[in-house]
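The block underneath contains the structure these notes are about, expressed in structure tokens.
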Amino acid sequence: MNDPVYNFGAGPAMLPVPVMQQIQRDFLNFNNMGVSVIEISHRSKEFEAVLARCDELVREVGNLPSNYQILYTHGGAQMQFAGVPMNLLARKPARKAVYAETGHFSRLANTEAKRFGNIVIAHSSSETKFDRIPELTRAMVDDDASYAFITSNNTIFGTQYREIPDLGDMPLVVDATSDIFSRPLDFSKLGVVFAGMQKNLGPAGTALVIVREDLVGHAMERTPSLLDWQVYVKNHSLANTNSTFNIYVMSLVMQWLKDQGGTTGMARINEEKAQTLYRVLDSTSFYRGTAHPDHRSRMNVTWVLPNEELTATFLKEAAANGLYALKGHKVVGGVRASIYNAMPLQGCQKLAEFMREFERTRG
Ligand SMILES: Cc1ncc(COP(=O)(O)O)c(C=O)c1O
Numbered sequence: 000m001n002d003p004v005y006n007f008g009a010g011p012a013m014l015p016v017p018v019m020q021q022i023q024r025d026f027l028n029f030n031n032m033g034v035s036v037i038e039i040s041h042r043s044k045e046f047e048a049v050l051a052r053c054d055e056l057v058r059e060v061g062n063l064p065s066n067y068q069i070l071y072t073h074g075g076a077q078m079q080f081a082g083v084p085m086n087l088l089a090r091k092p093a094r095k096a097v098y099a100e101t102g103h104f105s106r107l108a109n110t111e112a113k114r115f116g117n118i119v120i121a122h123s124s125s126e127t128k129f130d131r132i133p134e135l136t137r138a139m140v141d142d143d144a145s146y147a148f149i150t151s152n153n154t155i156f157g158t159q160y161r162e163i164p165d166l167g168d169m170p171l172v173v174d175a176t177s178d179i180f181s182r183p184l185d186f187s188k189l190g191v192v193f194a195g196m197q198k199n200l201g202p203a204g205t206a207l208v209i210v211r212e213d214l215v216g217h218a219m220e221r222t223p224s225l226l227d228w229q230v231y232v233k234n235h236s237l238a239n240t241n242s243t244f245n246i247y248v249m250s251l252v253m254q255w256l257k258d259q260g261g262t263t264g265m266a267r268i269n270e271e272k273a274q275t276l277y278r279v280l281d282s283t284s285f286y287r288g289t290a291h292p293d294h295r296s297r298m299n300v301t302w303v304l305p306n307e308e309l310t311a312t313f314l315k316e317a318a319a320n321g322l323y324a325l326k327g328h329k330v331v332g333g334v335r336a337s338i339y340n341a342m343p344l345q346g347c348q349k350l351a352e353f354m355r356e357f358e359r360t361r362g
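With numbering that gives the first Met the number 0, letter number 91 in the sequence shown gets 90, and the count goes up by one each step, no holes.
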């Protein structure tokens, strides 16, 4: 077999190889039914079993308290940029929420929320090009706010909350699209956690929403049914035809995650993977990491080279060496290695080796 290609794309991102092999086996003949998993009814008992298994694994792997609901919502993560304010702002008369602005997606989230109510920006790290994550404390969130909102990992800027803020009685909403289940998370301290599937969970287009029960049932007037979390809860995410394929793939990814030792095992591997790359960045001035060292992400490692020409050569030669999709996002430039759960340690080792060799010959 040829040398493996390691896919460092930010999303849709690589899936674990055993998951894709399982999909391949099931694709034409699911459960010995003689039909594909994408051809069966979302109301069939076979699909209901897939859905129930996915829920069970999310509960087990995420160590979810029983008063949290699991929803599979349409429209990916960004649909929840509207879904969150529509479901939560009307809980209090001020229709207010407090947002931390730590990157591109958190800005999109607060911009969308402003269409629905009074949105306060607690702080923004835009002045330092989103290279860090300012602290968010309960004292920074007004009592009349319905919720506070953070983005736990900033996919484009390569920063991540080392600790998720504990806001006590104030519901915290977390967009965990790019680091869900990459490390243990204490859900009991959180109001809502949502994540587009396409990085750590499965294919694009669907989001996992984990919501504390008492935060369901407050949707503002005229919220479309398919954005109302209560409609999802009442219908077990099957008010209409959901993406059966996405949920099926996610159930396989969750099983794989469980087999890796769950979020604790995964966090250990993810730390080693990230440090394999950060060690290279810290050993030279040829590469310069763009995130503040205290706020570095374990999921997206970002750096720049001395000039555009070297960057272009680096990317071209990396691709020729089986290191795929390393180009940084256009607003940061340079290089971004997205190393979500499915990226094996060997991928990071191969990239680190390539970086050292590139510096030796071109530096
Ligand atoms: C942190 C974060 N939030 C939201 C999104 C948007 O996800 P979607 O394309 O599913 O709407 C992304 C996508 O990369 C992301 O990284």
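We put the CB at the ideal spot given by N, CA and C, even for glycine. No experiment lies behind these values; they were computed from the predicted model shown.
Nearest neighbour of residue i, chosen from the options [CA to CA]
i	options	result
residue 304	348, 362 and 247	362
residue 160	175, 147 and 170	175
residue 83	44, 300 and 112	112
residue 252	179, 6, 152 and 334	179
residue 272	322, 210, 341 and 347	347
residue 132	330, 296, 58 and 343	296
residue 91	196, 329 and 219	219
residue 358	110, 151, 40 and 312	312
residue 15	101, 154 and 199	199
residue 74	289, 242 and 338	242
residue 328	154, 4 and 32	154
residue 52	87, 223, 235 and 138	235
residue 299	194, 158, 314 and 12	158
residue 257	140, 59 and 308	59
residue 138	129, 166, 156 and 149	166
residue 191	129, 228, 334 and 12	228
residue 384	44, 162 and 333	Not covered by the structure: residue 384. The range shown for the chain is 0 to 362.
residue 356	341, 320 and 128	320
Residue i CB to nearest heavy atom of ligand 1 below 7 Å
i	result
residue 125	no
residue 159	no
residue 33	no
residue 75	yes
residue 336	no
residue 177	yes
residue 301	no
residue 101	no
residue 258	no
residue 346	no
residue 141	no
residue 174	yes
residue 197	yes
residue 104	yes
residue 144	no
residue 10	yes
residue 81	no
residue 203	yes
residue 222	no
residue 263	no
residue 150	yes
residue 72	no
Sub-8 Å separation of residue i and residue j beta-carbons
i	j	result
residue 121	residue 98	yes
residue 136	residue 170	no
residue 69	residue 54	yes
residue 95	residue 145	yes
residue 259	residue 10	no
residue 324	residue 7	yes
residue 71	residue 205	yes
residue 364	residue 262	Given that the chain is displayed from residue 0 to residue 362, the structure contains no residue 364 and the question cannot be resolved.
residue 49	residue 277	no
residue 62	residue 211	no
residue 226	residue 318	no
residue 123	residue 130	no
residue 244	residue 202	yes
residue 40	residue 27	no
residue 207	residue 268	no
residue 103	residue 330	yes
residue 56	residue 250	yes
residue 232	residue 224	no
Residues that residue i bridges to, as DSSP identifies them
i	result
residue 326	334
residue 288	302
residue 114	In DSSP, residue 114 forms no bridge with anything.
residue 125	Residue 125 is not bridged to any residue.
residue 339	Bridge partners of residue 339: none, in fact.
residue 147	97 and 171
residue 136	DSSP output for residue 136 lists no bridge partner at all.
Any non-hydrogen atom of ligand 3 within 7 Å of residue i CB
i	result
residue 154	Judged by which ligands are present, ligand 3 is missing from the structure shown, whose ligands are ligand 1.
Test: residue i CB closer than 8 Å to a CB of chain B
i	result
residue 312	Annotation note: the requested chain B is absent from the structure, which comprises a single protein chain.
**Prompt:** Which whole runs of the beta strand (DSSP E) in the region 18 to 101 are 3 residues long or more, in chain order?
**Reply:** 67 to 73 and 95 to 100
**Item:** Runs of alpha helix (DSSP H) wholly within the region 192 to 257 (minimum 4 residues, chain order)
**Value:** 228 to 233
**Request:** Could you name each continuous beta strand (DSSP E) segment of 3 residues or more that falls completely within the region 161 to 189, going from the start of the chain to the end?
**Result:** 171 to 174
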